[in-house]
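Here the sequence shown is numbered in our numbering, starting from 565 and rising by one per residue.
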Amino acid sequence: MPENGGIKSAATTPARIMNSTTDELQTIPGVGKRTADDFRRIGIRRVQDLRNKDPEQLYARLCRRVGKPVDRCMLYVFRCAVYYATRKKPDPEKLKWWNWKDR
Numbered sequence: 565m566p567e568n569g570g571i572k573s574a575a576t577t578p579a580r581i582m583n584s585t586t587d588e589l590q591t592i593p594g595v596g597k598r599t600a601d602d603f604r605r606i607g608i609r610r611v612q613d614l615r616n617k618d619p620e621q622l623y624a625r626l627c628r629r630v631g632k633p634v635d636r637c638m639l640y641v642f643r644c645a646v647y648y649a650t651r652k653k654p655d656p657e658k659l660k661w662w663n664w665k666d667r
């Protein structure tokens, strides 16, 4: 799979919104550079910023921010990321974004 788990980024330009060479957001399973850029577009800068967030609201915010619907798989990535951020010992099966489709 591509670096971001096969998800197309909402980024529409080659410019990145990167703020450091080591990106903490990319420690989240399934999150690559472009997906991390999308997180930053909606104000998520660190893993801890995801704690107690509503994945549905994050997804809606990203869609509004880019001005068009984003691939629904991004919602599954948000669900996985929020789970990851709120668990000390996450279940490895729940760290696969595609397992969050029907939750």
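All C-beta atoms in this analysis are idealised placements derived from N, C-alpha and C, irrespective of residue type, glycine included.
**Request:** Taking 7 Å as the cut-off, decide whether the C-beta atoms of Leu643 and Arg667 are in contact.
**Result:** Position check: residue 643 holds Arg in this sequence, whereas Leu was assumed. Their beta carbons are under 7 Å apart, which means Arg643 touches Arg667 by this criterion.
**Asked** By a C-beta neighbour count over all protein chains shown, 10 Å radius and 16 as the cutoff for buried, is Gly594 buried or exposed?
**Response** Buried is the call here.
**Request:** Establish whether the CB of Arg629 and some CB of chain C are separated by less than 7 Å.
**Result:** Of the chains in the structure shown, none is chain C; there is only one protein chain.
**Item:** Reduced DSSP secondary structure (H/G/I, E/B, other) of Asn616
**Value:** If DSSP states are grouped into helix, strand and coil, Asn616 belongs with coil.
**Asked** For Met638, which option in Arg610, Asn663, Thr591, Gln612 has the closest C-alpha, if you only look at C-alpha atoms?
**Response** For Met638, the nearest C-alpha among the options comes from Asn663.
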